[in-house]
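Throughout, this note's numbering is defined as the position within the sequence shown, counted from one, plus 325.
Glycine included, each C-beta is placed from N, C-alpha and C at the ideal position.
As the structure is a computational prediction, the values presented were derived from the model and not from experiment.
Input: a single structure, listed below in structure tokens.
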Amino acid sequence: MDGLDEKFLDGERERESDRARERERLPRSEKMGISRDSMHKRRATGGKKKAWRKKRKYELGRQPANTKLSSNKTVRRVRVRGGNVKWRALRLDTGNYSWGSEAVTRKTRILDVVYNASNNELVRTQTLVKSAIVQVDATPFKQWYLQHYGVDIGRKKKAAAEAAKKSNHVERKLEKRQQGRTLDSHIEEQFAGGRLLACISSRPGQCGRADGYILEGKELEFYMKKLQRKKGKGASA
């Protein structure tokens with residue numbers, strides 16, 4: 326019985342080496358690629374389909390960008406169907422983020438990827454994708470707020486800010502702006518820490534940018550709860 330098993334294994338090894346040699350002999354066009362067609366897939370009943378046509382250019386797939394958070398910015402130009410162009414971001418660490426309630430947008434650094442609803446692995450590997458929750462540097466927004474309202478948010482009470490001399494016209498303008506000023510307590514806490522929670526709304530692998538918006542209101546509360554729960558699980562583990 327052992328002899329038969331040994332012969333069977335030897336035969337399998339030979340067949341595998343033959344298959345490997347055959348693969349090496351194949352022209353580049355016939356080697357395995359990413360294909361989005363259904364020709365190679367089984368039917369819903371489980372039956373095999375007969376491949377009655379070869380692969381087509383319009384049914385190709387490309388490798389995922391897996392854009393990483395890195396200061397070494399790398400964006401590649403990809404020529405696509407119709408002679409159009411896509412920008413494949415491989416590494417990024419900056420983006421334009423809008424603060425919706427204040428109608429202001431600033432370019433800022435992305436500091437960390439903290440949550441992803443689809444896959445925790447994307448958080449571990451610091452991968453930038455659409456709808457990923459990230460922490461961004463609050464400094465550009467802090468500077469704008471000080472200039473626009475004359476209020477230095479996030480500053481600790483002990484450290485008093487040096488009051489710069491302003492003209493009467495500027496003082497009146499700032500006072501008028503402060504009449505309708507409201508700031509979410511959660512956002513104020515984040516300003517004190519120097520980091521704001523934001524969501525990426527662009528597609529880095531398609532347009533080469535990681536732009537998004539600052540989280541506010543119910544959406545911010547939702548993700549803060551998610552992060553708190555995640556932190557609690559990590560502590561118990």
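Excluding residues up to 5 positions away in sequence, R402, V403 and R404 lie with their Cβ nearer than 8 Å to the Cβ of V410 in the same chain.
In this structure, L436 places its C-beta atom within 8 Å of the C-beta atom of R520.
Comparing C-alpha distances from H511 to each of Q460, L545 and S426 shows the shortest one belongs to L545. Bounds of the beta strand (DSSP E) holding T399 are T399 to R404. With respect to the 8 Å criterion, T399 and P529 are not classified as neighbours on the basis of their beta carbons.
Apart from the 5 residues on each side of it in sequence, S423 sits with its Cβ closer than 6 Å to the Cβ of T430 and Y538 in its chain, given in chain order. Burial check for R367: the Cβ neighbour count within 10 Å stays below 16, so the residue is exposed. Counting only the Cα atoms, G358 lies some 26 Å from E337.
From the listed residues V495, T370, V459 and L385, the smallest Cα separation to Q472 is found for V495. The alpha helix (DSSP H) runs lying completely inside the stretch 475-559 and spanning 4 residues or more are 493-504, 510-518 and 529-532, given in chain order. If you draw a 10 Å sphere on the C-beta of L417, you find 16 or more other C-beta atoms in it, and that means buried. If you draw a 10 Å sphere on the C-beta of Y383, you find fewer than 16 other C-beta atoms in it, and that means exposed. Rounded to whole angstroms, the separation of the alpha carbons of R381 and Q553 is 48 Å.
DSSP lists N421 as the beta-bridge partner residues of K432.
The C-beta separation of Q503 from Y474 comes to about 6 Å, placing the pair in contact by the 8 Å criterion.
If you check the CB distance, Y548 and L522 come in under 8 Å. Each residue's CA atom was taken as its position, placing I458 and H365 some 37 Å apart.
The three-state secondary structure of D335, taken from DSSP, is helix.
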